[in-house]
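Throughout the sequence shown, residue numbering follows mature numbering (1 follows the signal peptide of the UniProt record, and there is no 0), covering -27 to -1, 1 to 155 in sequence.
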Amino acid sequence: MAARLVSVAHLLLLLVVLAGSRRVALASETVEQTCAKATSGAGREELAPFCVSSLQAAPGSDGADARGLAAIATNLTLANYTAAVATIKALERRGGWSEQSRAALATCRQRYIEALNVVHSAVHALATGNLRGYVSDMEVVGKAATDCEHAFGGAGSGPLRKVDEDAGNLVVVATLIVRSLQ
Ligand SMILES: *[C@@H]1O[C@H](CO)[C@@H](O)[C@H](O)[C@H]1NC(C)=O
Ligand SMILES: *[C@@H]1O[C@H](CO)[C@@H](O)[C@H](O)[C@H]1NC(C)=O
């Protein structure tokens, strides 16, 4: 009798686990489908894994449609640029830089701070359905990360290489998702 009760409990547990994993599978399929569609439409398939991992880590992405994911990706960009400014300021405070690196860090700080205002404008453009305005804002935003990387000589070896790469990739992913809505 006790054994039977245990097995019924196990069965119920199994059903709960299966139901849960099915829901997760369905939700992540939406993120994966949106990322696949957005990146393949632009020949940027190599960004699909980055798109999926970035969006899946964001709260609210489970079960969000492409429009919701576009807003989430734009918010992630805003958070990323804000974090980039904090990272640059921390590096500047740490000190010990050559004259050249100090100048590059200052350029980067300025570019990222300017870009933050433009990300806000992009958030507004998306919310009001001004997709053309959104795309041109995000071009300016993406250029900040490129300009920063170039300030270090563009050899991909500066202290902000990963920051610039993530920021640039997020901008591209967000823009491609918005383009895929049209
Ligand atoms: C920026 O976004 C990328 C991709 O989601 C993430 O890996 C990285 O940790 C973010 N950087 C910061 C400083 O938040
Ligand atoms: C994006 O951020 C804004 C401001 O913090 C917030 O009101 C909005 O709900 C966020 N949107 C999504 C889809 O996360």
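All residues carry an ideal CB built from backbone N, CA and C; glycine is no exception.
- In terms of Cα proximity to A56, the closest of S94, L42, L89 is L89.
- Boundaries of the alpha helix (DSSP H) around T119: 104 to 124.
- In the DSSP annotation of this structure, the continuous segment of the alpha helix (DSSP H) that includes E72 starts and ends at 72 to 100.
- At least one heavy atom of ligand 2 lies closer than 7 Å to the C-beta of A44.
- Leaving aside the five residues that flank A118 on each side, the residues in its chain whose CB is nearer than 6 Å to its CB run, in chain order, D137, A140, G141.
- Remark: the C-beta of N48 is in contact range of ligand 2, defined as less than 7 Å to any heavy atom.
- For G41, the shortest separation between its Cβ and any heavy atom of ligand 2 lies below 7 Å.
- Taking a C-beta distance under 8 Å as the contact criterion, T7 and L42 qualify as a contact pair.
- Distance from the CA atom of A39 to the CA atom of I86, rounded to whole angstroms, is 28 Å.
- Collapsing the DSSP output to three states places L51 in a helix.
- In this structure, the beta-carbon distance from F23 to V114 does not fall below 8 Å.
- In terms of Cβ geometry, L64 and L78 form a close pair [threshold 8 Å].
- Under the 10 Å beta carbon count, E19 is surrounded by fewer than 16 other beta carbons and is classified as exposed.
- Close CB contacts of L154 within its chain, under the 8 Å cut and outside five residues either way in sequence, are with A39, R40, A43, L104 (chain order).
- At a threshold of 7 Å, G36 does not count as near ligand 2, since its beta carbon sits no closer than that to any of the ligand's heavy atoms.
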